[in-house]
């Protein structure tokens, strides 16, 4: 940074000082007087167009011009108007000019001035070197930041890395590196080479891992596509099935397998999902239509069972269960004979019936416990156990009907019929 301007002083050699230092012969030749006794004069030059004063004035004026140029250089140094390199070149030029010529003037003073100027120039050079080192450290830190970020990108997790954005950022870092190379002050080779090696390795590692990721992704995508094509083929095969219970479970299993495979490429995934959904829609549409038809058929059964349930509740509370036993079991038989109800009413109706049955069993157990013989107690225990089993089977049947599992429905109905037959046999014994 330059300082405030300094007005240079002005040097002029007087005629008396010139006469002390030189003489002029009759032909206008000028000689420097010997600096020491016994030494020889130094020839300066000739100025023959005039007398002594004009000749001395001519050669002192040339010296004064050189001296004043040195004073001007000193002012430039004092204000740091130029860099040390330019100022040093100017001083060397003045010193060479002084060394190469013969002058009429105080040469020693001029040499001392140039020596003083040299000290000022070296001070400027030292400040410049300090500033240069500070800037170099900034440039070094900037390069280090570029390298560190590149290394972080290269070491990122493959699955969580957004490769397109990361690749764009790596390209930006490379452009930043090239911009830093053009920025002054330039780093030395010893400073730059280790950083460049790290940066180059980070870029290479990043590109290698990026390519490997996409190769693996393409391979995984191909495997997912193949596996989902197989799922679609099975789903399409099942779409015509009218065995609704097991087929519904099969579709749930296929859906779990589909989710477990994960997503493939969007374009492929969307097309495959459309086919898979289409196959499911065919089946579930048919199932919904069948359920709707069945529910419509079971609506009358529901009305009958609600009427039976109302009649059973009229028998409550079961204060004298023996008195209403025949009526109670007749209504239970009518309930069983009424058939299935719509799916949405199964749980409600089974729960309502269970409340009545639990109340009757509790009342019967209490009454018989008061008067029953040991044989009667054993029979009642068997009846209670059988009725509990029947209640469990009824719940199983309701669940099977709800899921349209024809196999489970058949098994539950068969087991329930057998237990009810045993119950009737025990009651009549």
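Residue numbers (my numbering): 26 to 454. The C-beta atom is built at its ideal place from N, Cα and C for all residues, glycine as well. Keep in mind the model is a prediction, meaning the values are calculated, not measured.
- Closest in alpha carbon position to residue 96, among 179, 441, 112 and 81, is 112.
- For residue 301, the CB contacts under 6 Å within the same chain, skipping 5 residues up- and downstream, are 257 and 260 in chain order.
- Taking the Cα positions, residue 188 is about 7 Å away from residue 235.
- Distances from the alpha-carbon of residue 66 to those of 76, 49, 79 and 80 put 49 closest.
- Residue environment analysis places residue 122 among the exposed positions, since fewer than 16 neighbouring C-beta atoms fall within 10 angstroms of its C-beta.
- Within the same chain, 56 come within 6 Å of residue 68 by CB-CB distance, once the 5 residues on both sides are set aside.
- When rounded, the separation of the alpha-carbon atoms in residue 379 and residue 294 is 49 Å.
- Here residue 163 is exposed, its C-beta having fewer than 16 other C-beta atoms within 10 Å.
- In the displayed model, residue 46 falls within a helix according to three-state DSSP.
- Here residue 105 carries a coil assignment [DSSP, helix/strand/coil].
- Going by DSSP, residue 54 is part of the beta strand (DSSP E) stretching over 54–57.
- If you check the CB distance, residue 109 and residue 142 do not come in under 8 Å.
- Exposed is the label assigned to residue 157, since fewer than 16 other Cβ atoms lie within 10 Å of its Cβ.
- Per the Cβ contact rule, the segment 69–76 is not in contact with the segment 101–108 (fewer than 3 Cβ pairs under 8 Å).
- With fewer than 16 other beta carbons inside 10 angstroms of its own, residue 239 counts as exposed.
- Not a single unbroken stretch of the beta strand (DSSP E) spanning 3 or more residues falls wholly within the segment 302–334.
- According to the DSSP assignment, residue 270 belongs to the alpha helix (DSSP H) that extends over 269–286.
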